[in-house]
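**Q** Mind the numbering: the sequence shown is residues 84 to 257 in our numbering, read in order. Just dropping this structure here.
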Amino acid sequence: MLMHASLDGKTFAHAIYFMQRRINATTSDFLLQKSMKTLFTLFSLAFLAIIVQGGEEIGKKVEPLPCKDRGSKASCNRYMKKDNFEELCKENRRIGRYLCCKTCAEKLGVEVNEDGKFKDFGTFTYYEPTCPALEDRGNHTICEMIKHGSEVYKCDQSEAQAACAKTCNLSCGN
């Protein structure tokens with residue numbers, strides 16, 4: 084049995100109004116969703132660009148830091164007083180090449196330009212001793228942090244260059 088429902092003009096107008104609102108809400112939700120996807124994509128691309136630019140680009144060589152004493156004068160003087168200071172300079176890369184580089188170079192008779200580049204090579208390993216077959220050594224946590232775009236460790240820092248020659252893709256010389 085069929086029943087007829089009668090709608091007066093006011094009820095019909097309300098029904099049409101609510102249907103239009105629902106259609107508009109659905110359309111605006113769709114547009115909002117599209118806008119959010121677009122924004123997410125743009126922010127993702129911008130973030131990726133920042134990581135590639137600020138981090139280490141694949142294949143890009145990183146220049147070794149200039150030779151200077153990065154430690155305090157007191158710490159380099161303390162090492163100088165040790166009987167095996169020359170051996171420390173040659174064998175301990177962190178001390179000889181980064182922490183007390185200038186002091187070690189002077190002690191070993193190695194000339195360093197004003198810009199921190201070495202004039203000759205002699206018996207002191209100025210740059211990365213594993214060149215050209217670069218290797219990471221020491222604290223691999225630092226290397227992993229660099230690979231993942233760390234804001235703390237970057238390849239233009241002595242700790243990173245001393246531990247992560249391969250990860251940082253250090254250049255092998257002047």
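Positions of the beta carbon are idealized from the N, C-alpha and C atoms, including for glycine.
Distance, Cα to Cα, K152 vs I178?
**A** Reading the sequence as shown, one finds Asp at residue 152 and not Lys. Taking the straight line from one Cα to the other gives about 9 Å.
**Q** Please go through the same chain and pick out, in chain order, the residues whose beta-carbon is closer than 7 Å to the beta-carbon of K185, but skip the five residues on each side of it.
**A** C150, K151, D152, V195
**Q** Assuming the contact rule is C-beta atoms closer than 8 Å, T250 and C226 should be a hit. Round their C-beta distance to whole Å, please.
**A** 4 Å
**Q** Helix, strand or coil for C184? Go by DSSP, reduced to three states.
**A** Look at C184 here: in three-state DSSP terms it is helix.
**Q** Below 9 Å between beta carbons: does that hold for R220 and A248?
**A** yes
**Q** Mind checking whether R161 and A245 have CB atoms under 9 Å apart?
**A** no
**Q** For L253, does the three-state DSSP call read helix, strand or coil?
**A** strand
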